[in-house]
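Notes follow the structure.
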Amino acid sequence: MGIELPNDKRQDVMLSEILSSPVFAEAKSKLTVALGKDIAGTPVVGDLAKMPHLLVAGMTGSGKSVGVNGMIMSMLFKATPEEVRFIMIDPKMLELSIYDGIPHLLCPVVTDMREAGQALNWCVAEMEKRYRLLSHAGVRNLEGFNQKVEQAKAAGKPLLNPFSLNLDEPEPLEKLPMIVVVIDELADLMMTERKAVEQQIARLAQKARAAGIHMIVATQRPSVDVVTGLIKANIPTRMAFTVQSKIDSRTILDQMGADELLKYGDSLFLQPGSAEPTRLQGTFVSDGEVHQVVNYVKSQAPADYIEGLLSGEAALETANIVNPNADSDELFDQAVAYVWKAKNLHFVFAAAVAYRL
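Read in order, the letters of the sequence shown correspond to residues 0 to 356 in numbering that gives the first Met the number 0.
Here it is, written out as structure tokens:
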């Protein structure tokens, strides 16, 4: 029987250590994320493209937000804006706002929950559009699509856009970037836009992998009304920092243990197909280091946002391009039924008045 004893002095795992390690340098994926070190002191990294989504939970002071910042920084070190783009949703308006203005963002950091719903709607519409493009190109995933586009362009016979508005001279297809959606606090989203958010997250988790869209979803409160069964079933990769109770640990990991962690980055990482989680000490990156990296990235290129993404116009435009014959308004059928019912009630009321007269 083994008994784990904590060290008298905690050893910090700096993000720079993981980024300079051979395991990170040799990783080819643009979505490689630094997770920390295991109990043997070995650097551990993950590939978000293979996860393909990550659910992170931890109470205040557990190191959850620092860990998520480390993952974002890892991808900024690996990928250019042409390769990876971000949508960041930050209900607390504190954790992710530091990244506002970087060229990797598709829209400003989202702090309004109604705009968060529109951002997720756009992601779903973009996913459907990409699936149509993959089908048109005869490939199974985004990597194969980008390779085919590049090969066709090199051969002098570029693939043409099947959704072009210029039917006479459609423009050639370009390589598509991967998209990472980072949600810093799922609980706030579920409180304000529960129905829409749960459905959109579930749809993205089910289908978005092949389209190159991935999610990092974090929450301080991993209760069953926040991390619902629908969300859990579609996000098999979980990372638990210290949580408040055994129930929270079971909710996030399907087993106990996260409630006994030592805070400040101590975590359990559960991969798909693994029965037991891996004990990790998460990475630490200071605010000053984040500012330095963000300022450097901003100096390389200006922000390039998609117009109308947060107002819903971009999602509607994308949906109309993919399926121009679809009804543009989801509430149209309900409106027709309401008007028909009101009309019938009006006739009944008029007949009753005439009878009394």
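A virtual CB, placed ideally from N, CA and C, is assigned to each residue, including glycine.
Beta carbon proximity, residue i to chain D, threshold 8 angstroms
i, result
"Gly281", "Among the chains of the structure shown, chain D does not appear; only one protein chain is present."
Whole-number beta carbon distance between residue j and residue i, since they are thought to touch under 8 angstroms
i, j, result
"Met87", "Leu95", "4 angstroms"
"Thr282", "Gly57", "Not confirmed; about 14 angstroms, so no contact."
"Val109", "Ala115", "5 angstroms"
"Thr236", "Leu54", "7 angstroms"
"Ile251", "Ala204", "Between Ala204 and Ile251 the Cβ distance is about 15 angstroms, and since that is not below 8 angstroms, they are no contact."
"Val225", "Met189", "5 angstroms"
Bridge partner(s) assigned by DSSP for residue i
i, result
"Met190", "In the DSSP output, where bridge partners are listed per residue, Met190 has none listed."
"Phe144", "In DSSP, Phe144 forms no bridge with anything."
"Gln280", "Lys36, Asp265"
"Leu75", "BP columns for Leu75 are empty, so no partner."
Classification of residue i by the beta-carbon crowding that lies within 10 angstroms, buried from 16 upward
i, result
"Gly211", "buried"
"Ser327", "The pLDDT assigned to Ser327 is 49, lower than 50, so where the model puts this residue is not dependable; a value taken from the coordinates is nonetheless given after this. By the 10 Å Cβ count, Ser327 comes out exposed."
"Glu259", "exposed"
"Glu125", "buried"
"Pro221", "buried"
"Ile2", "exposed"
"Pro5", "exposed"
"Ser266", "buried"
"Val223", "exposed"
Reduced DSSP secondary structure (H/G/I, E/B, other) of residue i
i, result
"Gln43", "Gln is not the amino acid found at residue 43; the sequence shown has Val there. Reduced to three states, the DSSP call for Val43 is strand."
"Gln291", "helix"
"Ile23", "For the sequence presented, residue 23 should be read as Phe rather than Ile. Phe23 falls in the helix class under three-state DSSP."
"Ile212", "strand"
"Arg237", "strand"
"Val296", "helix"
"Val223", "coil"
"Leu175", "coil"
"Leu166", "coil"
"Val359", "Given a span of 0 to 356 for the chain in the structure shown, any question on residue 359 remains unanswerable."
"Met70", "helix"
"Leu132", "helix"
"Arg84", "strand"
"Ala48", "coil"
"Ala217", "strand"
"Ala232", "helix"
"Met112", "helix"
"Gln10", "coil"
Same chain only: Cβ atoms within 7 angstroms of residue i, ignoring 5 sequence neighbours per side
i, result
"Asp187", "Pro90, Met112"
"Asn68", "Val284, Val289"
"Asp37", "Val43, Thr277, Arg278, Leu279"
"Gly45", "Val32, Leu34"
Contacts around residue i, its chain only, beta-carbon distance under 6 angstroms, and the 5 residues preceding and following it disregarded
i, result
"Lys77", "Lys29, Thr31"
"Ile178", "Arg84, Ile212"
"Ala313", "Trp121, Ile305, Gly307"
"Leu119", "Gln199"
Same chain only: Cβ atoms within 8 angstroms of residue i, ignoring 5 sequence neighbours per side
i, result
"Leu159", "Pro169, Glu170, Pro171, Leu172"
"Val12", "Gly35, Lys36, Gly264, Gln280, Gly281, Thr282, Phe283"
"Leu23", "Checking the sequence, you will find Phe at residue 23 rather than Leu. Around Phe23: Ile17, Thr31, Ala33, Pro42, Val44, Ser73."
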